[in-house]
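Student:
Number of protein chains: 2
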Amino acid sequence: MELGLLYSGGKDSTLAALLLEDFYDVTLVTAQFGITDDWEHAGETAADLGFDFRRLELDRAVAHEAVDRIREDGFPRNGIQHVHQHALEELAAADFDAIADGTRRDDRVPTVSRAQAQSLEDRHGVDYIAPLSGFGRNAVDRLVDAHLEVTVGPSEEIRRADYEAELRAIIADEDGSEAIPEYFPDHEQTYVTGIR
Amino acid sequence: MELGLLYSGGKDSTLAALLLEDFYDVTLVTAQFGITDDWEHAGETAADLGFDFRRLELDRAVAHEAVDRIREDGFPRNGIQHVHQHALEELAAADFDAIADGTRRDDRVPTVSRAQAQSLEDRHGVDYIAPLSGFGRNAVDRLVDAHLEVTVGPSEEIRRADYEAELRAIIADEDGSEAIPEYFPDHEQTYVTGIR
Numbered sequence: 001m002e003l004g005l006l007y008s009g010g011k012d013s014t015l016a017a018l019l020l021e022d023f024y025d026v027t028l029v030t031a032q033f034g035i036t037d038d039w040e041h042a043g044e045t046a047a048d049l050g051f052d053f054r055r056l057e058l059d060r061a062v063a064h065e066a067v068d069r070i071r072e073d074g075f076p077r078n079g080i081q082h083v084h085q086h087a088l089e090e091l092a093a094a095d096f097d098a099i100a101d102g103t104r105r106d107d108r109v110p111t112v113s114r115a116q117a118q119s120l121e122d123r124h125g126v127d128y129i130a131p132l133s134g135f136g137r138n139a140v141d142r143l144v145d146a147h148l149e150v151t152v153g154p155s156e157e158i159r160r161a162d163y164e165a166e167l168r169a170i171i172a173d174e175d176g177s178e179a180i181p182e183y184f185p186d187h188e189q190t191y192v193t194g195i196r
Numbered sequence: 001m002e003l004g005l006l007y008s009g010g011k012d013s014t015l016a017a018l019l020l021e022d023f024y025d026v027t028l029v030t031a032q033f034g035i036t037d038d039w040e041h042a043g044e045t046a047a048d049l050g051f052d053f054r055r056l057e058l059d060r061a062v063a064h065e066a067v068d069r070i071r072e073d074g075f076p077r078n079g080i081q082h083v084h085q086h087a088l089e090e091l092a093a094a095d096f097d098a099i100a101d102g103t104r105r106d107d108r109v110p111t112v113s114r115a116q117a118q119s120l121e122d123r124h125g126v127d128y129i130a131p132l133s134g135f136g137r138n139a140v141d142r143l144v145d146a147h148l149e150v151t152v153g154p155s156e157e158i159r160r161a162d163y164e165a166e167l168r169a170i171i172a173d174e175d176g177s178e179a180i181p182e183y184f185p186d187h188e189q190t191y192v193t194g195i196r
């Protein structure tokens, strides 16, 4: 069965790929608005790991809706959730038998409820799989240590193909880069560089 | 890392074992009250599949509490949930680094909430993993068809090492076997006979 996995090049979505690869024909799919070229890094990592790779173009209007929401809220959670739901809808509408993402049990964002999962499956005739949703933070960290080589650094330096990078770029463009820390708290990002 | 997986010999817990085997040293653990010898079938299946196997003895008082609850409710769900929580506590107290079960996203019973999972992990210093909790019913069925050989039949004929069999045996002993259909609706059970 052909499975498309939303892929950022980060540790969670890479670990999800390893968990699924014996059971599905996995294609790593980086969803992006065409605002930055960070998707290229995810594509290089996918190639290094030996997975098929594809870009999924998202509707740029959704990025602007997300940024409006982030400005209104003062924090990014709901905006990122909005983009993730759009990405899952677009991926479900593509030609895969099953779709997946790297959401974990302990994630606050993005989340996909059981009802949302069922709705995606029923409307699009695909299986939606969240292989890490049964793993807590510590379990994921231990599996990452055992199986992946990663680079860790602050969000602004690590080039990762997650939605945050493109939303930050819109804010920097429209409000100036000094506006970014108002909405996005400093945090460490990881980028996968190989499999152990 | 050593992982103990609650194992009934059914398709869900067997599929959970296959999902985890590349990432953990998996031991299949059949929890039982010593009321029936159905655990032997799970042990044989575990050996056929090449997994280590262990019995985990449960407190027989919990079986009687569960049966009391089932009589009171008129349906088995809460009684089975009570036994599953006891089994997870006992497994978490054993000498594994991680514990797991075969609960699926769409299961109504047993269920383990995120708060219960976190509490188990914090109190016992283990990781609790539910590898099928990110898979819906259809996805599980398709993986089972692709990877497992199974026998299907009515609950009273399929000898499976789940809690239901031992609770049914207590009810048959105390109330007569004609009492069983009052509490346990007819349903198909599966027993795994091999890996494809």
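Top to bottom, those sequences are chains A and B. Following full-length UniProt numbering, the numbering of the first sequence begins with 1 at its first residue and continues without gaps. Following full-length UniProt numbering, the numbering of the second sequence begins with 1 at its first residue and continues without gaps. All C-beta atoms, glycine included, are put in the ideal place defined by N, C-alpha and C.
(1) Which residue comes first and which comes last in the beta strand (DSSP E) that contains L58 (chain A)?
(2) Counting contacts by CB-CB distance shorter than 8 Å, is Y128 (chain A) in contact with chain B?
(3) With V26 (chain B) as the anchor, note down where its beta strand (DSSP E) starts and where it stops.
(4) Would you mind telling me which residues of chain A sit closer than 8 Å to E121 (chain B), beta carbon to beta carbon, in chain order?
(5) Spell out the partners DSSP gives F53 (chain B) in its beta bridges.
(6) If distances are taken between C-alpha atoms only, which option among B:D73, B:A117 and B:N78 comes closest to A92 (chain B)?
(7) What separation, rounded to the nearest whole angstrom, lies between the Cα atoms of D122 (chain A) and N138 (chain B)?
(8) Considering V192 (chain A), what are the terminal residues of the beta strand (DSSP E) in which it resides?
(9) Which same chain residues, not among the five before or five after D68 (chain B), have their C-beta less than 6 Å away from its C-beta?
(10) Tell me whether Y7 (chain B) sits in a helix, a strand or coil according to DSSP, three-state version.
(11) Taking beta-carbon pairs under 9 Å, can you tell me which members of the stretch 31-55 of chain B lie near chain A?
(12) Quick check on the DSSP output: the beta strand (DSSP E) that includes G79 (chain A) runs from which residue to which?
(13) So that I know if they touch, is there some Cβ in chain A lying closer than 8 Å to that of F23 (chain B)?
(14) So, using beta-carbon positions, are T36 (chain A) and A169 (chain A) closer together than 8 Å?
(15) Starting from P154 (chain B), trace the alpha helix (DSSP H) in both directions and tell me its first and last residue.
(16) Shortest alpha-carbon distance to A165 (chain A) belongs to which of A:G79, A:E89 and A:D101?
(17) Find the nearest neighbour of R196 (chain B) within the set B:D48, B:D101 and B:T103, judged by alpha-carbon distance.
(18) Is it true that the stretch 108-117 of chain A meets the stretch 16-27 of chain B, where meeting means three or more beta-carbon pairs spaced less than 8 Å apart?
(19) Determine the DSSP secondary structure at residue 202 (chain A), reduced to helix, strand or coil.
(20) Counting only C-beta atoms, is S13 (chain A) closer than 8 Å to chain B at any point?
(21) Please list, in chain order, all residues of the same chain as V62 (chain A) whose beta carbon is under 8 Å from its beta carbon, the five residues on each side excluded.
(22) Quick check on Q116 (chain B) - is its C-beta less than 8 Å from some C-beta in chain A?
(23) If we ignore side chains and look at the alpha-carbon of each, how far apart do A16 (chain B) and F53 (chain A) end up?
(24) Does DSSP put E2 (chain B) in a helix, in a strand, or in coil?
(25) Rounded to the nearest angstrom, what separates L120 (chain B) and L132 (chain B) at their Cα positions?
(26) Return the chain-ordered list of same chain residues with a C-beta closer than 8 Å to the C-beta of R142 (chain B), the five sequence neighbours on each side being excluded.
(27) With a threshold of 6 Å on Cβ separation, who are the neighbours of S13 (chain B) within its own chain once the five nearest residues in sequence on each side are excluded?
(28) Could you name the residues of the same chain whose beta carbon sits closer than 7 Å to that of L19 (chain B), not counting the 5 residues immediately before and after it, in chain order?
(29) Is there a C-beta anywhere in chain B that falls below 8 Å from the one on G91 (chain A)?
(30) Return helix, strand or coil for A100 (chain A), following the three-state DSSP convention.
(31) In chain B, which residues lie with their C-beta within 7 Å of the C-beta of A98 (chain A)?
(32) With 16 other CB atoms within 10 Å as the buried threshold, where does D145 (chain A) fall?
(33) For the alpha helix (DSSP H) holding D175 (chain A), just list the boundary residues, first then last.
(34) Report yes if the CB atom of R60 (chain A) is closer than 8 Å to the CB atom of W39 (chain A), and no otherwise.
(35) Just to check my reading of the structure: G134 (chain A) and R160 (chain A) have Cβ atoms closer than 8 Å, yes? What is that Cβ distance to the nearest angstrom?
(36) I think V140 (chain B) touches D97 (chain B), with their Cβ atoms under 8 Å apart; what is that distance to the nearest whole Å?
Tutor: Result, derived from the coordinates:
(1) Translated into positions along the first sequence, residue 58 (chain A) becomes position 58. That residue, L58 (chain A), is in no beta strand (DSSP E); it is neither H nor E in DSSP.
(2) Locating residue 128 (chain A) in the first sequence gives position 128, where the first residue counts as 1. Interface residue, yes.
(3) Along the second sequence, one-based indexing puts residue 26 (chain B) at 26. Its beta strand (DSSP E) spans residues D25 to Q32.
(4) Start at 1 with the first residue of the second sequence, and residue 121 (chain B) comes out as number 121. Near E121 (chain B) (Cβ distances below 8 Å), the residues of chain A are G136 and N138.
(5) Here residue 53 (chain B) corresponds to residue number 53 of the second sequence, with the count starting at 1. In DSSP, F53 (chain B) forms a bridge with B:L28.
(6) Reading the second sequence from its first residue, position 92 is the one you call residue 92 (chain B). The candidate whose alpha carbon is nearest that of A92 (chain B) is B:A117.
(7) Position 122 of the first sequence, counted from the first residue, corresponds to residue 122 (chain A). Position 138 of the second sequence, counted from the first residue, corresponds to residue 138 (chain B). For D122 (chain A) and N138 (chain B), the distance between alpha carbons rounds to 11 Å.
(8) Residue numbering aside, residue 192 (chain A) sits at position 192 when the first sequence is read from its first letter. E188 to I195 is the extent of the beta strand (DSSP E) around V192 (chain A).
(9) As a first step, residue 68 (chain B) must be located in the second sequence, where it is residue number 68. Taken in chain order, the list of residues that qualify is empty.
(10) Here residue 7 (chain B) refers to the residue found at position 7 when the second sequence is read from its first residue. In this structure, Y7 (chain B) counts as coil in the three-state DSSP scheme.
(11) none
(12) The residue given as residue 79 (chain A) occupies position 79 in the first sequence. Per DSSP, G79 (chain A) belongs to no beta strand (DSSP E); it is in the alpha helix (DSSP H), R77 to A92.
(13) As a position in the second sequence, residue 23 (chain B) is number 23, starting the count at 1. Closer than 8 Å to some Cβ of chain A, the Cβ of F23 (chain B) qualifies, so yes.
(14) The residue labelled residue 36 (chain A) in the question sits at position 36 within the first sequence. The residue labelled residue 169 (chain A) in the question sits at position 169 within the first sequence. In contact: T36 (chain A) and A169 (chain A) (Cβ atoms closer than 8 Å).
(15) To locate residue 154 (chain B), count along the second sequence from 1; it is residue 154. No alpha helix (DSSP H) holds P154 (chain B); the beta strand (DSSP E) holding it covers L148 to P154.
(16) Residue 165 (chain A) sits at position 165 when you count from the first residue of the first sequence. Nearest C-alpha to A165 (chain A): A:G79.
(17) Translated into the one-based positions of the second sequence, residue 196 (chain B) becomes position 196. Comparing Cα positions, the closest option is B:D48.
(18) no
(19) Examination of residue 202 (chain A) is not possible in this model, given that chain A is present from 1 through 196 alone.
(20) Residue mapping note: residue 13 (chain A) aligns to position 13 of the first sequence, counting from 1. No - not a single Cβ of chain B is within 8 Å of the one on S13 (chain A).
(21) The residue labelled residue 62 (chain A) in the question sits at position 62 within the first sequence. F33, H82, V83 and H86, listed in sequence order.
(22) Walking along the second sequence from the start, residue 116 (chain B) turns up at place 116. Taking Cβ atoms only, chain A never reaches closer than 8 Å to Q116 (chain B), which makes this a no.
(23) The sequence position of residue 16 (chain B) within the second sequence is 16, counting from 1. The sequence position of residue 53 (chain A) within the first sequence is 53, counting from 1. Distance between the alpha carbons of A16 (chain B) and F53 (chain A): 27 Å.
(24) The residue given as residue 2 (chain B) occupies position 2 in the second sequence. Of the three classes helix, strand and coil, the one that applies to E2 (chain B) here is strand, per DSSP.
(25) Position 120 of the second sequence, counted from the start, is the residue given in the question as residue 120 (chain B). Position 132 of the second sequence, counted from the start, is the residue given in the question as residue 132 (chain B). Distance between the alpha carbons of L120 (chain B) and L132 (chain B) is about 18 Å.
(26) Along the second sequence, one-based indexing puts residue 142 (chain B) at 142. Nothing meets the Cβ criterion.
(27) Stepping through the second sequence from its first residue, residue 13 (chain B) is reached at position 13. Answer for S13 (chain B): Y7 and G102, listed in chain order.
(28) For the purposes of this step, residue 19 (chain B) is taken as residue 19 along the second sequence, with counting starting at 1. These residues qualify, in order along the chain: P131.
(29) Within the first sequence, numbered from 1, the residue matching residue 91 (chain A) stands at position 91. The sequence given here has Leu at residue 91 (chain A), not Gly. False, the Cβ-Cβ gap to chain B never drops below 8 Å.
(30) As a position in the first sequence, residue 100 (chain A) is number 100, starting the count at 1. It is a strand residue.
(31) As a first step, residue 98 (chain A) must be located in the first sequence, where it is residue number 98. In chain order: A139.
(32) Position 145 of the first sequence, counting from 1, holds the residue named residue 145 (chain A). Exposed, because fewer than 16 other Cβ atoms sit within 10 Å of the Cβ of D145 (chain A).
(33) As a position in the first sequence, residue 175 (chain A) is number 175, starting the count at 1. Here the alpha helix (DSSP H) through D175 (chain A) covers Y163 to D175.
(34) The residue you call residue 60 (chain A) lines up with position 60 of the first sequence. The residue you call residue 39 (chain A) lines up with position 39 of the first sequence. Cβ atoms of R60 (chain A) and W39 (chain A): not closer than 8 Å.
(35) Taking the first sequence and counting its residues from 1, one reaches residue 134 (chain A) at position 134. Taking the first sequence and counting its residues from 1, one reaches residue 160 (chain A) at position 160. In fact, because the Cβ distance is near 24 Å, the residues do not count as touching under 8 Å.
(36) For the purposes of this step, residue 140 (chain B) is taken as the residue at position 140 of the second sequence. For the purposes of this step, residue 97 (chain B) is taken as the residue at position 97 of the second sequence. Actually they do not touch by this definition, with Cβ atoms about 26 Å apart.
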